[in-house]
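Number of protein chains: 2
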Amino acid sequence: MDARRTTVRDMRRANRSVLLTRIWLDGPLSRHELGQSTALSLASVSNLVGEMIAEGLVEEAGSVESDGGRPRVLLRVAPGYGYLVGADVGETRVQVELFDLTMTALAKAEYPIAAAEPDPRQVADHLLHGLSAVTEQAGVDPAAVLGFGVAVSGTVERTADAVVHAQTLGWDGVPLGAMLRAGTDVPVHVDNGAKTLGQAEMWFGAGRGVRHAVVALVGSGVGACVVADGSGYRGAHSSAGEWGHTTIVYGGRRCRCGNLGCLEAYVGAEGVLDRFRQANRGHPAAGGDEETAFGELLRATGRTAEQVIDETIGYLGAGVANLVNLFNPERVVLGGWAGLALGERHLPAIREATARHALRQPYAQTSIELCRLGPDAVAMGAATLPMARLLRDGGVPRQPAARPAPARRPRHR
Amino acid sequence: MDARRTTVRDMRRANRSVLLTRIWLDGPLSRHELGQSTALSLASVSNLVGEMIAEGLVEEAGSVESDGGRPRVLLRVAPGYGYLVGADVGETRVQVELFDLTMTALAKAEYPIAAAEPDPRQVADHLLHGLSAVTEQAGVDPAAVLGFGVAVSGTVERTADAVVHAQTLGWDGVPLGAMLRAGTDVPVHVDNGAKTLGQAEMWFGAGRGVRHAVVALVGSGVGACVVADGSGYRGAHSSAGEWGHTTIVYGGRRCRCGNLGCLEAYVGAEGVLDRFRQANRGHPAAGGDEETAFGELLRATGRTAEQVIDETIGYLGAGVANLVNLFNPERVVLGGWAGLALGERHLPAIREATARHALRQPYAQTSIELCRLGPDAVAMGAATLPMARLLRDGGVPRQPAARPAPARRPRHR
DNA sequence: CCACTTGGTTCATGACGTGAAAGCAGGTCG
DNA sequence: CGACCTGCTTTCACGTCATGAACCAAGTGG
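Chains as they are written, first to last, in our numbering: chain V, 11 to 423; chain D, 11 to 423.
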């Protein structure tokens, strides 16, 4: 229902994209297998693959004997055709990583952020510095970097400027994309950190092979990344998936967003610790930072602690059930440091709580798993942004080439 | 990221689809305007439109003078090229309606359903009987019916058999699609009633011109139809949008689905009346059927009544806010008979309650409106199912045509 | 050495969108 | 009344693309 024409070029691009995506995702494949699984004719597979080999994007990778026939030549994406850089702008540090096309990390740089509300200019400088640092560190030609993906912990407008609104950073309307583009020629992609982590989880983690999923992230805050039919659901202005601030206890606890009864106020680490402190007024709360305190609470054996954890599981189950009812995913992937900590000990109980609150049918159609990639996957997720573009376009778009005016002969007559 | 090839045929189909969709949605247009808005070359527009005119799918509709030049010829979809039949399987009756391609209703048939849990066979018979009744009534050749869309009030699996699970009808696994196909040659489409109503509202009602919307339906039950980027969001197994059974008051009132604290238990008409009865134990509840009672409650001036309504608005606002936070729509369209009744008097209060519970940014990006089409639009919505297919395919797919073996001469040598 | 099997490539063909030129239908001006 | 202008539409040669069929390549078993 798109209001856009299709031309012969689009067709070729689409077919290159299909082939490239399959080669990249499903490892080395022969031309024959490619033809089978894409329904393209062998002639076209040969033609398109040949083109991509000539460009250096795809390469042959050994051959496999096939009983009694010519051995098949396997094809793979050339890891060194280009490189991807991903960055994670967290609350305490900026992390930049360089990957080859197999998503193997080759270099890493990290910059601490001192201020609670860092200056955007400074963060952009860190990012740009990190970009050149990792290329140098890995000995990669900066021109070979296909794209620079940046993950931030707020919402990102889908405009050219990539305007960022990040409450935790104190940013409201920072055109991070524009700022970065001013400092580098590498194509820049900015997106929300939960979404990039979700994308990484979908490609390399617990979401492999699933087309509809929700990645539910529980840390100090609570968010979700919804994947619909293989690609991220963004909504009208890219701020879809604000799961943490859905109301789950009407008129309940006050959340740091100002509203009452948000899910985050009950299952976010801060909310859980708060609830424990409240229930346990006699004893002092566990010390240390939030993450340590949360871990201690989880391992504690006191009645109050256990009850708070039980309640948390109940609330979380209800929250997950809401996602199941609304999005009807094939899989829910639970992550975030607090979500993982909770899930490692209590996944069966979480499943049970979800079952209690969700409709029978949608629940039966879904499975609830834990994230497989650590929280460091945010930077890798950011690097999937340029990778996704590469796959979608079937390689680097042919430059207009400015063909040298082929001296068009005058028309007939 | 689709794993499917694209061929030259797909290109032409896609372009026909773009043109046809534009002509149909945006009224009579000249070839020139079509070229402009689709970016297709005038040559292609002429070619494609010419083909569709030859098939009878498009027709010229007068011309408009253009100052000082050749007048433009306007094009429209030929209303009589084919007909669409839509049906609504409600709890009390089966309603079947016939439309031409301008979605003008030409005939109607209705069959009451006696039993609370009607026999699927009997419903299918009503539907098939209705299909032939409306064609006969309108004097339309049954072969000219392009499709038969059927809306039911449960979830519908997206399989060839269109298996229906409808709690309110007591159906669990009824292959309605297969049953209907056995009785007619007309292409059958079965879908959920909320989704078809939502589609109608998107094309002809409060959702016109919007690409991301949520149609929130509040009647005796509560449901939602999510439209993402112009087409309905279904999830993995088509049961997405079960808004009514999301938890909004953890551990709250028991819902008829068995869980505690579902939104439906608070804002569904039954739940509202229940709450009123409970709060007003001294006085008897309003009499009559649910719809009458609900209307009376809305108009009542007693303190208890007003308080119940106020609370309902609060709960509804929180529910809508959850939709806004999770889906980030451009527009929320409130409908369903109870939703409309409530909205007609209290829309500003509902907006305010939503603002109170939603995050500032997503709320600012959305507008909350009332449905414009009555609840009878379900049947029209069902008729949009075959229409959507027609538009998507750019007309009736060319039959394989079995070209008469062009006596291929042997190859070279 | 020859059938046989399986994998990959070449080539003529037909489908399709495109830009440029031509055609066409009105009006205006001399 | 005819030359001319304007703006909409069609025609045509061309280049791009996927395709099926024939062809070539590289092994195995007799």
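We put the CB at the ideal spot given by N, CA and C, even for glycine. Small disclaimer: the values here were computed from a predicted structure and weren't measured.
Exclusion of the five residues before and after valine 74 (chain D) leaves Pro81, Arg82, Leu84 as the residues of its chain whose Cβ lies within less than 7 Å of its Cβ. In terms of Cβ geometry, leucine 326 (chain V) and isoleucine 378 (chain V) do not form a close pair [threshold 7 Å].
For histidine 199 (chain V), the enclosing beta strand (DSSP E) covers residues 198-202. The C-alpha of leucine 383 (chain V) lies about 27 Å from the C-alpha of asparagine 338 (chain D).
With fewer than 16 other beta carbons inside 10 angstroms of its own, proline 358 (chain V) counts as exposed.
Boundaries of the alpha helix (DSSP H) around arginine 366 (chain D): 347-367. Residue range 377-380 is occupied by the beta strand (DSSP E) that includes isoleucine 378 (chain D). In this structure, the CA atom of valine 155 (chain D) is about 19 Å from the CA atom of alanine 387 (chain D).
When 9 Å is used as the limit between beta carbons, glycine 251 (chain D) is near these residues of chain V: Asn335, Leu336, Phe337, Asn338, in chain order. Glycine 245 (chain V) has a beta carbon lying within less than 7 Å of a beta carbon in chain D. In chain order, Glu211, Gly215, Ala216, Val343, Leu344, Gly345, Leu350 place their CB closer than 7 Å to the CB of cysteine 381 (chain D), counting only its own chain and leaving out the 5 sequence neighbours on each side.
In terms of beta-carbon proximity, arginine 263 (chain D) stays away from the interface with chain V, with every pair separated by 7 Å or more. With a threshold of 7 Å between beta carbons, proline 372 (chain D) makes contact with chain V. With the rule of 3 Cβ pairs closer than 8 Å, the stretch 144-155 of chain V counts as touching the stretch 89-100 of chain V. For glycine 298 (chain V), the number of other beta carbons within 10 angstroms of its own is below 16, and it is reported as exposed. Looking at the backbone, the Cα of glycine 208 (chain D) and that of valine 236 (chain D) are separated by about 8 Å. For alanine 119 (chain V), the three-state secondary structure derived from DSSP is strand. Under the Cβ criterion of 7 Å, threonine 256 (chain D) is counted among the residues facing chain V.
Taking C-alpha positions only, alanine 315 (chain D) is separated from glutamate 362 (chain V) by approximately 38 Å. Using a CB distance below 7 Å, the part of the stretch 173-186 of chain V facing chain D consists of His175, ordered along the chain.
Not a single CB atom of chain V sits nearer than 7 Å to the CB of glutamine 209 (chain D).
The beta carbon of alanine 176 (chain D) is closer than 7 Å to those of Val162, Ser163, Gly164 in its chain, skipping five residues each way along the sequence. If you keep only unbroken beta strand (DSSP E) runs of at least 3 residues inside the stretch 141-194 of chain V, you get 155-162, 173-176, 181-185. Taking the Cβ atoms as the reference, leucine 179 (chain D) lies roughly 22 Å from valine 144 (chain D), outside the contact range of under 8 Å.
For valine 18 (chain D), the neighbours in chain V by C-beta distance under 8 Å run, in chain order, Val18, Met21. Sequence-distant partners of serine 27 (chain D) (beyond 5 residues in either direction) whose C-beta falls short of 7 Å from its own C-beta, in its chain, are Leu401, Arg402, Asp403, Gly404. When rounded, the separation of the alpha-carbon atoms in arginine 263 (chain D) and glutamate 127 (chain D) is 26 Å. At a cut-off of 7 Å between C-beta atoms, histidine 222 (chain D) counts as an interface residue with respect to chain V. In terms of Cα proximity to threonine 17 (chain D), the closest of V:Ala49, V:Arg15, V:Arg32 is V:Ala49. With fewer than three CB-CB distances shorter than 8 Å, the stretch 302-312 of chain V does not count as touching the stretch 224-235 of chain D. By the rule that beta-carbons nearer than 7 Å mark a contact, histidine 356 (chain D) does not touch chain V.
Not flagged as an interface residue toward chain V: asparagine 290 (chain D), since no C-beta distance is shorter than 7 Å. Taking a C-beta cut-off of 7 Å against chain D, the contacting residues of the stretch 23-38 of chain V are Ala24, Asn25, Val28, Thr31, Arg32, listed in chain order. Per DSSP, proline 89 (chain V) lies in no beta strand (DSSP E) and is assigned neither H nor E. Classified as exposed, glutamate 101 (chain V) has fewer than 16 neighbouring CB atoms from the shown chains inside 10 Å of its CB. Annotation: the continuous beta strand (DSSP E) that includes glutamate 69 (chain V) extends over 68-76.
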